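Residue numbers (the numbering used here): 3 to 246.
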């Protein structure tokens, strides 16, 4: 039995997130169906995390056990020929039998993209949030810097979270340029439910003057979700990198 690590990318627009669920098609379900056709049986496999409906991934990692090893090129070509065009397997490699895609991950980087326009752009609207007001990048970046460190991110998470420990360590948070678009980049050892999208919504409040640059300190101390910004829409968010 071989343990294999797959690195995939996907456009999350048409999916109800990663994890299999009864009320809609998911990326995991599509992967399972494609693997069953390729391997002749439906394997059990584990992803590095969950992503919400509509969220995209440039690098998503998952592991599975299979009876035989395939040449990388043959596996990639075979599986990608079965998968829908909005999901692609980028890398296939054998790993140690005790490797775990989720528990061995040291951290992740997410990127949330914006475009400034009064008019919808059909080539960007699925992959970036349109904002009509010009972003104050300097203020947003200053807010981002106040999140770096170890904090209780309870007020930056939604009530649907499945964990009780809400302390996380943010190692990097800044405004960047991503493929020509302004974007918020954040890396941490773990993320809570909707954490990035709430941070983005708060950064937009800071940009618009609805909250001060230094608001994170008061939000952390209050431990109240209502003191942070809105939850930004899913379509601007990308799981960008997984660190092992």
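Beta carbons are placed, not taken as given, at the ideal position from N, Cα and C, and that holds for glycine.
Given the structure is predicted, the values throughout are model-derived calculations rather than measurements.
Annotation for residue 47: the continuous beta strand (DSSP E) segment containing it runs 47-49. Across the structure, residue 79 and residue 91 are spaced so that their CA atoms are roughly 9 Å apart. The segment 126-139 and the segment 228-243 touch, with three or more beta-carbon pairs separated by less than 8 Å. Here residue 231 is buried: its Cβ has 16 or more other Cβ atoms, across all protein chains shown, within 10 Å. Beta-bridge pairing by DSSP links residue 141 to no other residue. In the same chain as residue 168, and ignoring 5 residues on each side of it, the C-beta atoms closer than 7 Å to its own belong to 154, 155, 156, 159, 194, in chain order.
Boundaries of the alpha helix (DSSP H) around residue 74: 74-84. With a contact defined as Cβ atoms closer than 8 Å, residue 14 and residue 58 qualify at about 5 Å.
The DSSP-derived three-state label of residue 238 is helix. Separation of the CB atoms of residue 148 and residue 226 is rounded to 17 Å, and the pair is thereby denied contact status at 8 Å.
Here the alpha carbons of residue 118 and residue 184 stand approximately 9 Å from one another.
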